[in-house]
Amino acid sequence: MFRWRTEPVLDADTAADAGLGQEFPTQADAEAWLTASFEDLLDAGAASVTLLEGDRVVYGPMSLSA
Numbered sequence: 001m002f003r004w005r006t007e008p009v010l011d012a013d014t015a016a017d018a019g020l021g022q023e024f025p026t027q028a029d030a031e032a033w034l035t036a037s038f039e040d041l042l043d044a045g046a047a048s049v050t051l052l053e054g055d056r057v058v059y060g061p062m063s064l065s066a
């Protein structure tokens, strides 16, 4: 399963409001979610994200700003 981790780490309530905590069956599903949600993550205070498969880093950290 794939999931996103933010930097800085968001508190639990903020992370839940931004939609973090979800796990995705495929990398493509995780990336599609990020495409739709990156502005919410920025608004919540995230500066970058890292994609994880279990505990393995797939890639990142990747900046959310242009």
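In the UniProt record's numbering, the protein residues as written are 1 to 66.
For glycine and all other residues, C-beta sits at the position ideal for the given N, C-alpha and C.
Run of the alpha helix (DSSP H) containing residue i, from where it starts to where it stops
i	result
E23	E23 -> no alpha helix (DSSP H), and no H or E assigned at all.
Rounded distance between the beta-carbons of residue j and residue i, thought under 8 angstroms
i	j	result
residue 68	L10	Because the chain is modelled from 1 through 66, residue 68 falls outside the range shown and cannot be assessed.
A30	F24	4 angstroms
Coarse secondary structure for residue i, derived from DSSP in three states
i	result
L34	helix
D40	helix
Residues that DSSP places opposite residue i in a beta bridge
i	result
T50	R5
Residue span of the beta strand (DSSP E) that contains residue i, given as start and end
i	result
G45	Here G45 belongs to no beta strand (DSSP E), and DSSP marks it neither H nor E.
G60	R56 to S63
Burial state of residue i, where buried means 16 or more other Cβ atoms lie within 10 Å
i	result
L20	buried
V49	buried
L51	buried
T35	exposed
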